[in-house]
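Going by this note's numbering, the residue at position 149 of the sequence shown is 1114; the numbering climbs one at a time, nothing skipped.
Where is the CB? At the ideal position from N, CA and C, for every residue including glycine.
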Amino acid sequence: MDDNQIKDVLKNSKTIAMIGVSSEKKGEDRNNLKRKPANVVMKYMQDFGYKVYPINPFAVGETINGEKVQASLESISENIDIVDVFRPSKETPSIAKEAVNKKSNILWLQYGIKNDEAEKIAQEANIKYISNRCIKQEYQRLFLKYNPVFPVLKN
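Next up, the structure:
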């Protein structure tokens, strides 16, 4: 997908389901949560006006960045434009199927995540597929015109 297409995706999307947002571990310093990559990206996208639903089946009911954690895409009643994935590549085919069932527009796999089967599932359902890219860094690069070295750590 080229820059204009990605810019279009980001410009025309309002809702993001973020799969793999980190929850607080027992005994963990609450401040560590703010530094976890998915949580940093979630907060950043919220700051730029996106409604972001955190998904983590092990943290259902917790609140992360002001949003109640959901168990799955199915538990969200609103339409989801972008399904943003912070999970291992091998888990993405089942996530792609959920995105198809939810009638999402985009399946976005973060840095280091790519899966041919997930791509095929998305494309067969006419869902745009983006992989191995950080949604936060793409937003910064395309709209704010800067390209941080450590995109997840830059705030």
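Residues bridged to residue i [DSSP beta-bridge criterion]
{"i": "Tyr1104", "result": "Partner(s): none; Tyr1104 has no beta bridge."}
{"i": "Ile1047", "result": "Ile981 and Ile1071"}
{"i": "Gln970", "result": "DSSP output for Gln970 lists no bridge partner at all."}
{"i": "Pro1019", "result": "Met983"}
Spatial distance of residue i from residue j (CA atoms)
{"i": "Thr980", "j": "Asp1046", "result": "5 Å"}
{"i": "Leu1072", "j": "Glu1032", "result": "21 Å"}
{"i": "Asn1091", "j": "Thr1028", "result": "33 Å"}
{"i": "Asn1097", "j": "Asn977", "result": "21 Å"}
{"i": "Ser1040", "j": "Asp1012", "result": "24 Å"}
{"i": "Val986", "j": "Met1010", "result": "13 Å"}
{"i": "Lys1001", "j": "Asp973", "result": "27 Å"}
{"i": "Lys1085", "j": "Gln970", "result": "19 Å"}
{"i": "Lys1008", "j": "Ser1042", "result": "21 Å"}
{"i": "Ile1020", "j": "Pro1053", "result": "15 Å"}
{"i": "Asp968", "j": "Val1048", "result": "19 Å"}
Expected contact under 8 Å - CB spacing of residue i and residue j to nearest Å
{"i": "Met966", "j": "Ile1095", "result": "6 Å"}
{"i": "Ala1061", "j": "Ala1087", "result": "5 Å"}
{"i": "Ser988", "j": "Val1017", "result": "Their Cβ separation, rounded to whole angstroms, is 15 Å, which puts Ser988 and Val1017 out of contact at 8 Å."}
Beta-carbon proximity list for residue i, same chain, < 6 Å, skipping 5 on both sides
{"i": "Asn1070", "result": "Asp1046"}
{"i": "Ala1036", "result": "Pro1022 and Val1025"}
{"i": "Val1006", "result": "Lys1101"}
{"i": "Leu1038", "result": "Ala982, Glu1063 and Lys1067"}
{"i": "Tyr1015", "result": "Ile981"}
{"i": "Asn1120", "result": "Summary for Asn1120: the model assigns pLDDT 38, below 50, so the residue's position carries little reliability; its value from the coordinates is reported in the next sentence. Cβ within range, chain order: n/a, list empty."}
Other residues of its chain near residue i: CB distance less than 8 Å, five sequence neighbours each side excluded
{"i": "Leu1109", "result": "none"}
{"i": "Leu975", "result": "Ile1100, Glu1103, Tyr1104, Leu1107 and Phe1108"}
{"i": "Lys1055", "result": "Asn1080"}
Sequence-distant residues of its chain with Cβ nearer than 7 Å to residue i (five each side left out)
{"i": "Thr1057", "result": "Val1050, Leu1074, Ile1078, Asn1080 and Ala1083"}
{"i": "Asn1004", "result": "Val986, Ser987, Leu998, Ile1029 and Asn1030"}
Cβ of residue i within 9 Å of any chain D Cβ
{"i": "Lys1016", "result": "Absent from the structure is chain D; it holds one protein chain and no more."}
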